[in-house]
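Contents: one structure, followed by commentary.
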Amino acid sequence: MTQSPGQGQALDNLLTESRTFPPSDEFAAQANAQPELYEEAKADREAFWAKQAERLHWDTKWTQVLDWSDAPFAKWFVGGKLNVAYNCVDRHVESGHGDQVAIHWEGEPGDSRAITYAELQREVCKAANALKSLGIGAEDRVAIYMPMVPEAIFSMLACARLGAMHSVVFGGFSAEALRTRIEDSSCKLVITTDGQFRRGNPFPLKPAVDEAVAAAPSVEKVLVVRRTGSEVAWSDKDVWWHELVDGQSDVHTPEAFDSEHPLFILYTSGTTGKPKGILHTSGGYLTQASYTQHYVFDLKPDTDVYWCTADIGWVTGHSYIVYGPLSNRVTQVVYEGTPNTPHEGRHWEIVQKYGVSIYYTAPTLIRTFMKWGADIPAKYDLSSLRVLGSVGEPINPEAWIWYRENVGGGKAPIVDTWWQTETGAIMISPLPGVISTKPGSAQQPLPGIGAKVVNDEGVEVPHGGGGYLVLDEPWPSMLRGIWGDEERYRDTYWSRFGEQGFYFAGDGAKYDADGDIWLLGRVDDVMNVSGHRISTTEVESALVSHPTVAEAAVVGASDATTGQGIVAFVILRGGAGSDAGGAEAIKALRDHVAKEIGPIAKPRQIMVVPELPKTRSGKIMRRLLRDVAENRAVGDVTTLADSSVMDLISAGLQSGKSED
Ligand code: WT7
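Taking the working numbering, the leading residue of the sequence shown gets 151, the next gets one more, and so forth.
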């Protein structure tokens with residue numbers, strides 16, 4: 151279908167999409183980025199990055215820009231010392247901008263709060279003092295399981311200030327998902343809220359923490375922000391935020407930490423059932439987050455109002471709500487709720503209310519806005535918008551054009567930004583004002599970044615050719631490993647093109663005739679649902695942990711709204727009862743997955759089948775299941791151990807199909 155960003159479609163785009171949109175002279179003249187930036191980076195990459203690092207305040211200057219001698223473990227700005235929170239908060243107060251609003255926070259029920267940099271500094275200091283009083287110090291791990299409330303940002307910055315590592319876990323994940331993440335990195339403290347407002351109602355959050363903490367002995371304390379005011383169970387580990395933090399001194403002297411001091415862990419799905427704790431450090435990460443925020447979004451701190459619609463539970467929220475924007479002294483909107491509460495114009499109402507000028511969101515949401523209709527944004531004054539961003543999955547040209555016309559007034563440049571939890575910051579994107587944008591393509595690696603499309607042998611493909619996306623030079627915000635698993639780090643990213651020393655991103659990609667890069671989706675067993683990465687294996691493990699399931703195979707099938715949708719094929723156990731393939735049983739399985747992982751991992755569809763297609767060596771042939779899930783003729787079955795299996799599956803589907 152036309153809105154699917156799957157492989158075939160992106161290829162089609164390439165054949166039909168020839169529109170380009172040059173920047174207006176007016177935009178180009180005022181843009182932060184000028185064409186020389188590319189030349190400058192090419193001439194001397196390390197000198198270029200050294201100059202970008204000068205955007206930050208260093209207590210001790212580095213002696214070496216990059217040490218790659220221990221590859222694939224990079225050290226950037228070696229010997230340098232800085233405090234990340236000081237760079238995001240205090241220095242703006244010291245430079246005379248204490249009264250500038252840092253955060254226009256908008257709660258879902260309509261409550262709001264404007265937080266200036268001076269206030270942010272006081273809040274972060276109080277939180278840092280509170281965390282210290284709970285015994286948190288450098289390198290301790292703190293789990294943050296919170297909705298989009300200001301205290302979530304205060305907490306992240308308080309950790310950074312103390313040199314403690316935060317591990318933010320998305321508030322939509324289950325107790326079990328939270329527990330495994332807490333356990334993997336032995337978190338000492340969990341920060342949470344009593345609940346959150348979603349779709350007009352208060353939802354509890356703390357019960358999931360209670361359940362997780364009961365089985366996670368590393369946790370000493372749980373700090374709880376009151377958000378909804380609902381009743382919560384209380385244990386002797388629990389401490390109210392307002393009782394502990396509010397009474398603290400609002401002064402705290404930040405300590406400078408080494409450039410390679412760990413900043414955070416963020417878990418992301420890989421190809422096995424166990425999420426990977428992606429490790430990021432301080433100086434290089436903040437340098438690239440800050441650099442990309444400035445150039446890719448053309449951010450002008452004195453006049454812009456910026457809004458990134460991501461959740462802090464994902465890397466976009468880390469790099470483009472907290473570290474990139476705040477290190478650039480942004481004024482930004484942070485919104486707690488869902489885009490259709492209380493009505494489908496909520497985002498546009500917020501844009502109008504605050505005069506948002508830079509808006510960064512995900513294709514899945516743009517496609518949802520398309521479904522709701524262009525008449526909705528048309529009701530609001532969106533003339534303040536001057537730069538639009540997209541992230542999380544390939545954006546199909548239809549959605550891109552719709553975004554440009556109906557949100558960007560036919561003139562705001564759109565930056566399609568490709569990056570990953572692992573890359574820490576944007577890697578491939580047009581620079582607004584310099585590059586003529588092309589609907590559907592992320593186009594060019596940023597100045598200072600090396601990216602290529604290569605074939606199976608690691609040889610760069612010619613223009614018009616397709617293959618794998620690799621990063622061929624270390625970059626400042628690159629991951630420094632997977633928490634506690636060096637081997638998995640090497641295997642996952644550095645073994646596929648080990649000989650060439652390339653980082654393997656896991657994405658298919660293609661060059662067009664101009665040499666612009668088009669992303670074609672994942673080439674591994676990782677799905678992309680609404681811009682969120684979910685592993686097929688993780689959902690399979692959740693399914694087989696249910697007593698009625700004997701075997702399960704999960705595939706990502708193209709979905710007009712969410713990019714991919716999760717489709718599960720399950721074989722039920724013999725004794726699973728007469729209703730085993732019925733609606734009830736399927737609902738129970740979907741709920742079970744939600745409980746094990748979180749509602750985002752609920753399969754869109756579960757098909758009960760008698761067999762799964764396997765090769766002679768026992769590997770499930772997901773390609774064939776994807777054909778079924780996408781209603782295509784089933785492809786080549788010659789490597790199947792038993793070629794009649796696909797007929798059995800097709801025959802069995804009539805009885806076992808279930809959709810919401
Ligand atoms: C994967 C990374 C980066 C923050 C959000 C997701 C896909 C991301 C794009 C884009 C095409 C994209 C890739 C990538 N992806 N941005 N602009 N065009 N694909 O972070 O969960 O680490 O997922 O998202 O497949 O590998 P993540």
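Using N, Cα and C, we set each Cβ at its ideal position, and we do this for glycine too.
Distance from the Cα of Arg754 is smallest, within the candidate group Gly785, Ala710, Leu373 and Val446, for Ala710. Distance from the C-beta of Ser627 to the nearest heavy atom of ligand 1 is not below 7 Å. As the crow flies, the alpha-carbon of Pro760 is around 6 Å from that of Ile721. With respect to the 8 Å criterion, Lys225 and Glu486 are not classified as neighbours on the basis of their beta carbons.
Ranking Leu281, Ile303 and Pro297 by CA distance to the CA of Tyr267 puts Ile303 first.
Listed in chain order, the non-local C-beta contacts of His247 below 7 Å within the same chain comprise Tyr267 and Arg479, local neighbours out to five positions each way being set aside. Under the three-state reduction of DSSP output, Ala406 falls in the coil class, being neither helix nor strand. In its chain, beyond the 5 residues on either side, Gln157, Gly616, Gly617, Tyr618, Leu619, Leu669, Leu670, Gly671, Arg672 and Val673 have a beta carbon closer than 8 Å to the beta carbon of Gly658. Membership of Cys309 in the alpha helix (DSSP H) is indicated by the continuous run Pro300 to Leu312. Cβ-Cβ separation between Gly539 and Tyr510: approximately 4 Å, consistent with a contact (criterion under 8 Å). Per DSSP, the continuous alpha helix (DSSP H) segment holding His392 begins and ends at Trp391 to Leu394. Trp644 sits close to Pro222, with the two beta carbons spaced by under 8 Å. Of the other Cβ atoms in all chains shown, 16 or more fall within 10 Å of the Cβ of Arg683; this residue is therefore buried. With a cut-off of 8 Å on Cβ pairs, the stretch 403-422 is in contact with the stretch 298-317, counting three or more such pairs. Thr642 and Gly614 have their alpha carbons spaced roughly 28 Å apart.
DSSP, read as helix, strand or coil, puts His497 in helix.
Note that the C-beta distance between Tyr530 and Glu499 is below 8 Å. Beta-bridge pairing by DSSP links Thr431 to Pro412.
Looking from the CA of Ala308, the closest CA among Arg349, Val243, Val375 and Tyr236 belongs to Tyr236. Here the distance from the Cβ of Glu256 to the nearest heavy atom of ligand 1 is not below 7 Å. One alpha carbon belongs to Arg195, the other to Trp218, and they sit about 14 Å apart. As the crow flies, the alpha-carbon of Leu515 is around 43 Å from that of Gly229. Residue range Gln214 to Asp217 is occupied by the beta strand (DSSP E) that includes Gln214, with no alpha helix (DSSP H) assigned at that position.
For Pro527, DSSP assigns no beta-bridge partner whatsoever. Scanning the stretch 559-593 for uninterrupted alpha helix (DSSP H) segments of 4 residues or longer gives nothing; none is fully contained. In the three-state reduction of the DSSP assignment, Cys458 falls in the strand class, which pools E and B. With fewer than three CB-CB distances shorter than 8 Å, the stretch 204-219 does not count as touching the stretch 456-476. Judged by pairs of C-beta atoms under 8 Å, the stretch 275-287 touches the stretch 362-373, as three or more such pairs exist. Taking a C-beta distance under 8 Å as the contact criterion, Ile294 and Gln482 do not qualify as a contact pair. Not one heavy atom of ligand 1 sits closer than 7 Å to the Cβ of Leu621. Around the beta carbon of Ala791, a 10 Å sphere encloses fewer than 16 other beta carbons of the protein chains shown; the residue is thus reported as exposed. With respect to Gly321, Gly463 sits close: the two C-beta atoms are nearer than 8 Å.
At a cut-off of 3 residues, the continuous stretches assigned as beta strand (DSSP E) that sit fully inside the stretch 662-698 are 667-672, 676-679 and 682-685.
For Glu256, the enclosing beta strand (DSSP E) stretches over residues Val251 to Glu256. In terms of CA proximity to Pro612, Lys660 leads the group Ile576, Gly600, Lys660 and Ser591. Contact annotation: Gly574 and Ala191 have beta-carbon atoms that are not nearer than 8 Å.
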